[in-house]
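Data block below; observations after.
Protein chains in written order, with our numbering: chain A, 8 to 175; chain B, 8 to 175.
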């Protein structure tokens, strides 16, 4: 699978020495998508707090995504965009009870834009790795239909919930 | 003022072509601190949601800060650390009412670690720029006593409220 994804790395202008897919010891998702290496170093696009499942989220993007977000060019997002959502369980700040801060790491999930490759799921490839052990989510290769289903109400926004931070 | 801060840039291993202080059209804070250039491109350290003033926050750090956060070396944070807190007014997600997402940009505020230079305020220099127009906060050079006062209850944590995200 990794070799199939190399062309995306080159499209994004990354060198062969820095593959964007594949963390050595983390298995791929059941649909073949590999954990994007170095996603923790990506820049921030958005944040959110969901009170329905008590979680804080920070949404990071690869260079293509950041460029698009800052240019307001996000409907549709360009091919090569990768969005990473990091989800953390709510915790209360010990010294500031009115502040919700990151507790346990819940999961990291990704949307990878490639209209041809991921035509069956709205042009986005979906994958998620759960917990500190980064266990791939999903029991079969079709697990991503669940992701796609939840994102379908946002079809008019290229299936994306995230609203980029309005930086000055 | 800018020339006084250049040595910090060199300590951080940044090239002379990429000054970390000074955005051309933004005035410095009343205590002389200049807006760290390019802070929007820094990596993420933490997030929080304050229900007492209805705001979401994302905390970014310069390279020195990120290194320290990932190594768990944050009490004290090393000299040269710069923390940037971006504060956004709460908004409700139009398509997901239980999600709080970034509304209006409130301000960006900074803590700059230099135990000698900022001895009077616990080893940290403080500055804030308000709103989309990035207006420097504070009426006199002593405005930072207000920042210091609010951070003093966290003295045992090197005056920092932010709890780094527990990335896998």
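C-beta atoms are modelled at their ideal positions from N, C-alpha and C, and glycine is treated no differently.
Non-local C-beta neighbours of residue 107 of chain A in its own chain, meaning closer than 8 Å and more than five positions away in sequence, comprise 56, 63, 97, 98, 99 and 100, ordered along the chain. Around the C-beta of residue 142 of chain A, fewer than 16 other C-beta atoms lie within 10 Å, and the residue is accordingly described as exposed. In the structure shown, residue 151 of chain A adopts helical secondary structure according to DSSP, grouped into three states.
A straight-line Cα-Cα distance of about 14 Å links residue 134 of chain A and residue 66 of chain A. Where residue 91 of chain B is concerned, the enclosing beta strand (DSSP E) starts and stops at 89-100.
In summary, the residues of the region 40-56 of chain B whose CB is separated from some CB of chain A by less than 7 Å are 47, 48, 50, 51, 53, 54, 55 and 56, in the order they occur in the chain. Put simply, of B/70, B/136 and B/104 the residue whose alpha carbon is nearest the alpha carbon of residue 93 of chain B is B/136.
Residue 109 of chain A has a beta carbon lying within less than 8 Å of a beta carbon in chain B. Taking the C-beta atoms as reference points, residue 120 of chain B is found nearer than 8 Å to residue 86 of chain B.
Residue 38 of chain B sits away from residue 168 of chain B, with the two beta carbons spaced by 8 Å or more.
Each residue's CA atom was taken as its position, placing residue 166 of chain A and residue 155 of chain A some 8 Å apart.
Between the region 124-133 of chain A and the region 66-82 of chain B there are fewer than three C-beta pairs closer than 8 Å, too few to call the two in contact. The criterion of a C-beta distance shorter than 8 Å is satisfied by residue 53 of chain B and residue 109 of chain A.
Within 10 angstroms of the beta-carbon of residue 171 of chain A lie 16 or more other beta-carbons, which makes it buried.
When the five nearest sequence neighbours on each side are left out, the beta carbons in the same chain lying within less than 6 Å of the beta carbon of residue 144 of chain B are those of 135 and 137, in order along the chain.
Counting other Cβ atoms within 10 Å of its Cβ, residue 69 of chain A reaches 16 or more and is therefore classed as buried.
Residue contact check for residue 67 of chain A against chain B: a CB pair falls below 8 Å.
With contacts defined as CB atoms closer than 8 Å, residue 46 of chain B and residue 91 of chain B qualify as a contacting pair. For residue 59 of chain B, the closest Cβ of chain A is nearer than 8 Å. In the structure shown, residue 40 of chain A adopts coil according to DSSP, grouped into three states.
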